[in-house]
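Below: one structure, written as structure tokens.
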Amino acid sequence: MFANVPTVLTPLRARLLLVLAVLLAVLTPTAPEALAAGKPETGAARPGAEVVAVTRVADRQVDLSVRSTALGGRTVEVRLLTPDGWNPHDRRHRQHWPTLWLLHGCCGDYTSWTSMTDVAETESLRDVLVVMPEAGWNGWYSDWWNHGQGGDPAWETFHTKELRHLLERDWGASSNRVVAGLSMGGQGALLYAARHPGMFRATAAFSGSAHPLLNDESVDRIMGFFAGQDNDPLRVWGDPVAQRGIWQAHDPFHLARRLRSIPVYLSSGDGTTGPLDAPGATSALEADFNRQNHALAAELKRVDARHVTTHFYGPGTHGWAYWERELHASLPMLLGALGVGD
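Residue numbers (our numbering): 602 to 943.
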């Protein structure tokens with residue numbers, strides 16, 4: 602637009618050009634604004650997530666503080682249990698490791714697996730990068746509906762897009778992945794494997810919420826969880842009737858066909874006192890999730906799922922002693938899917 606400007610500028614013309622330049626600078630969208638407007642970004646892409654701090658907490662255990670766009674710019678923690686020889690700073694010889702994602706349950710956090718089980722001492726995991734991400738006290742591994750507005754928190758986007766790309770680019774994770782979890786995290790493991798075909802080569806759920814739409818009791822129970830910490834329960838998936846499609850899209854039972862081609866491990870107790878419980882302990886929650894898991898197993902059979910392993914062990918409540926045991930029981934399947942130990 603300045604092709605015909607004379608080489609020698611008068612003071613008035615120079616002032617006009619300066620005003621034009623300032624206006625262009627003010628009115629031209631910055632990179633994020635251009636993306637929001639649907640225009641291509643011309644500069645370097647701004648990451649959806651970035652590591653802002655690294656803390657070594659124990660042998661082979663590193664915590665990443667990750668700032669996430671999907672979580673409204675908040676910073677959350679991700680714990681890594683690293684394999685022998687892991688050195689992501691060696692860019693010339695960096696190895697990308699088979700990756701096990703371990704998802705925590707409701708009311709827990711990214712430290713749950715290492716603080717409550719022997720996962721850090723498990724020898725078979727010394728050749729695997731174990732990723733234990735924060736998922737919120739009550740996040741349900743979902744991008745919350747928020748009354749149709751979406752936005753923060755978007756846990757599914759954070760995990761399956763932002764964090765995955767970050768770990769595979771900078772922290773030695775490979776695209777060879779499996780996923781497992783307990784309770785809320787069991788549902789998350791099933792959801793992520795089903796909703797993102799090809800992302801995970803196997804999935805395992807221990808006492809998972811496998812069919813929240815099973816019956817009114819199941820719906821009421823998960824709505825009670827959604828309401829935890831004074832939250833509006835409709836923010837998560839909406840109303841179970843009015844937003845039925847959203848609920849079904851987050852119900853592993855209704856996604857069973859998408860799990861047909863990968864190994865699936867399901868386990869749960871029946872909620873009565875088991876061998877790893879204190880005398881007289883019972884759990885209505887475990888009994889509900891047990892019924893849900895039986896329903897999912899039957900549906901997987903109906904849709905001809907190829908590799909389903911179930912361990913419905915009868916007496917047992919909703920507790921860590923069982924989940925630690927079930928992790929070990931499922932590891933041969935999970936590691937086999939990763940090709941570890943072949």
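Quick reminder that beta carbons are idealized off the backbone N, C-alpha and C, glycines included.
Using a threshold of 7 Å, state whether the C-beta atoms of residue i and residue j are closer than that.
i, j, result
"W838", "W746", "yes"
"A650", "S669", "yes"
"Y866", "A805", "yes"
"A671", "A794", "no"
"F807", "G787", "yes"
"A803", "A938", "yes"
"T918", "A888", "no"
Report, in whole angstroms, the separation of the C-beta atoms of residue i and residue j, which I expect to be a contact under 8 Å.
i, j, result
"G915", "D871", "6 Å"
"S725", "L936", "6 Å"
"V904", "R858", "5 Å"
"V780", "M733", "Not confirmed; about 11 Å, so no contact."
"H912", "A930", "6 Å"
"T873", "P880", "So it is not a contact: roughly 12 Å between Cβ atoms."
"M800", "T761", "7 Å"
"L860", "R796", "Actually they are not in contact, since the Cβ atoms of L860 and R796 sit about 10 Å apart, beyond 8 Å."
"A721", "R661", "7 Å"
In angstroms, rounded to a whole number, what distance separates the CA positions of residue i and residue j?
i, j, result
"V652", "L703", "20 Å"
"L897", "E927", "18 Å"
"S819", "P813", "5 Å"
"E735", "V677", "6 Å"
"T910", "M934", "9 Å"
"H908", "S862", "7 Å"
"A615", "W698", "With a pLDDT of only 44 at A615, under 50, the local geometry of the prediction cannot be trusted, and no value is derived from it."
"A828", "G686", "44 Å"
"L792", "V658", "30 Å"
"L764", "L681", "12 Å"
"T643", "W738", "Its pLDDT being 31, under 50, T643 is placed unreliably by the model, and the measurement read from it follows with that caveat. Roughly 38 Å between the two C-alpha positions."
"G809", "R693", "41 Å"
"T715", "L730", "14 Å"
"R778", "G706", "20 Å"
"E757", "G740", "9 Å"
"W944", "P841", "Any question about residue 944 goes unanswered here, given that the chain covers just 602 to 943."
Considering only residues of the same chain and omitting the five flanking positions on each side of residue i, which have a CB-CB separation below 6 Å?
i, result
"W772", "P689"
"N894", "A811, L867 and S869"
Enumerate in chain order the residues of its own chain whose CB-to-CB distance from residue i is below 7 Å, with the five nearest sequence positions on each side excluded.
i, result
"E925", "T718 and D719"
"V655", "V663 and L665"
"L932", "S725"
"G751", "D744"
"Q844", "W746 and W838"
"P798", "R859"
What is the residue span of the beta strand (DSSP E) that residue i lies within?
i, result
"M733", "L730 to P734"
"E927", "It is not in any beta strand (DSSP E) - E927 instead sits in the alpha helix (DSSP H) that spans W921 to L939."
"E651", "A650 to A659"
"A806", "T804 to F807"
"D664", "Q662 to S669"
"E722", "Element bounds for E722: n/a, residue is neither H nor E."
"F913", "V909 to F913"
"W702", "W698 to L704"
"V677", "T676 to L682"
Going by DSSP, what residue range makes up the alpha helix (DSSP H) through residue i?
i, result
"S558", "Outside the shown range of the chain (602 to 943) lies residue 558, about which nothing can therefore be said."
"Q849", "R845 to A850"
"F826", "D817 to F827"
"R770", "R765 to D771"
"R836", "L835 to W838"
"S884", "Run containing S884: none; DSSP gives neither H nor E here."
"T712", "T712 -> no alpha helix (DSSP H), and no H or E assigned at all."
Could you tell me if the beta carbon of residue i falls within a distance shorter than 6 Å of some heavy atom in the ligand HEM?
i, result
"R693", "Looking for the ligand HEM in the displayed structure turns up nothing, as the structure carries no ligands at all."
Who are the near neighbours of residue i in its chain, counting only those whose CB is closer than 8 Å to its CB and skipping five residues on each side?
i, result
"G942", "S725, D728 and L936"
"F854", "A811, H812, L814, L815, Q893, A896, L897 and E900"
"S713", "H705, G706 and M733"
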